[in-house]
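What follows is a set of notes on a single structure, which appears directly below.
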Amino acid sequence: MNGQMDNNYNWSNNHREGFLSSVQKMMSKLGDILQKTSTKPNNNSPIEMAIDPVELWSSTGGSTLNLDSPSSIWDGSDEDSPEVQQLSRLIESTLREAKDGTLSCGEVLLPAELTYRVARQAFLLAENEPCGLRGCVLLVNYHQDPSSPTSQPRRIGTVQYDPATVATFQLVLTLRKDLNTWTNLRHLLPFKACLRKLGKTGTIIVSPTYTLVKKKLYRSRQE
147 MNGQMDNNYN WSNNHREGFL SSVQKMMSKL GDILQKTSTK PNNNSPIEMA IDPVELWSST
207 GGSTLNLDSP SSIWDGSDED SPEVQQLSRL IESTLREAKD GTLSCGEVLL PAELTYRVAR
267 QAFLLAENEP CGLRGCVLLV NYHQDPSSPT SQPRRIGTVQ YDPATVATFQ LVLTLRKDLN
327 TWTNLRHLLP FKACLRKLGK TGTIIVSPTY TLVKKKLYRS RQE
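Numbering (our numbering), first residue to last: 147 to 369.
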């Protein structure tokens, strides 16, 4: 009788361990599959850019920018002009002010290269302007619920590259809340350490996809 009970107990333990192991393997595969799902960047479009969402949560390579940690800021490429670097810093500063002001949140997370990609696009869009990037005024919007047809972005800041220069063109940057399905499944992946920050209250997660629209503030003689 005791032998039969021991056998049943051992079988129950083995069955439970096997089941837990299978669940962990399944969740690990799910995490890998979801991380491979990404939006490829379109480097040819001056209007809309996308960064691989996997980079947003990579735990290595410094690919996540926390606005509370200036030491983690990505310094861009050596090929970037001083104008691009300066505009990127101004955008970061504006977002940092918005965190404590209009956004009123405890933490803002965004792809580390996001501000540099915006700055590079702005630099290209300023090439044919009479004052170049010095004539740029950048309006920064944030869309809390981009999936809702009735929701509208709200203004969270303004960047004027050179306050001493009259603005000749306007750029409207619209950032979006990250609504990727896999980030909403983070509670199913407790063994993924890189996802633990997502559960923090008061954290805004910025999507890697944004829009950048240009509007001239003057008319040339040809127009």
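Think of the CB as a built atom: it goes at the ideal place given N, C-alpha and C, for glycine as much as any other residue. In this text the structure is predicted, and so the values were computed from the model without any measurement.
**Straight-line Cα distance separating D324 from S353** = 4 Å
**Message:** Looking at A268: is its Cβ nearer than 7 Å to the Cβ of L241?
**Reply:** no
**Asked** Among residues of its own chain, excluding the 5 on either side of I351, which ones have a beta-carbon nearer than 6 Å to its beta-carbon?
**Response** L255 and D324
**Request:** State the CB to CB distance for the pair L271 and Y307, rounded to an integer number of angstroms; the pair is presumed to be in contact (CB under 8 Å).
**Result:** No, L271 and Y307 are not in contact; Cβ-Cβ is about 12 Å, not under 8 Å.
**Request:** Could you tell me how far apart the beta carbons of L358 and L317 are, in whole angstroms, since I believe they sit closer than 8 Å?
**Result:** 6 Å
**Request:** Tell me whether T355 is buried or exposed, calling it buried when 16 or more other Cβ atoms sit within 10 Å of its Cβ.
**Result:** buried
**Request:** Report the residue from P292, L249 and E238 whose alpha carbon sits nearest the alpha carbon of I302.
**Result:** Of P292, L249 and E238, the residue nearest in Cα terms is L249.
**Item:** Same chain, Cβ closer than 7 Å to A244, neighbours up to 5 away in sequence not counted
**Value:** I302 and G303
**Beta-ladder partner(s) of N287, from DSSP** = Answer by DSSP bridge pairing, in chain order: R301 and T320.
**Nearest candidate by alpha-carbon position, reference A313, set P228, S227 and K360** = K360
**Request:** Taking the CB atoms as reference points, tell me whether G348 and G247 lie closer together than 7 Å.
**Result:** no
**Request:** Put T357 into one of helix, strand or coil per three-state DSSP.
**Result:** Looking at T357 - three-state DSSP - the assignment turns out to be strand.
**Request:** Kindly list the residues whose CB is nearer than 6 Å to the CB of V283, restricted to its own chain and excluding five residues on each side of it in sequence; keep chain order.
**Result:** Closer than 6 Å at the Cβ level, and outside the excluded window around V283, lie Q306, A313 and Q316.
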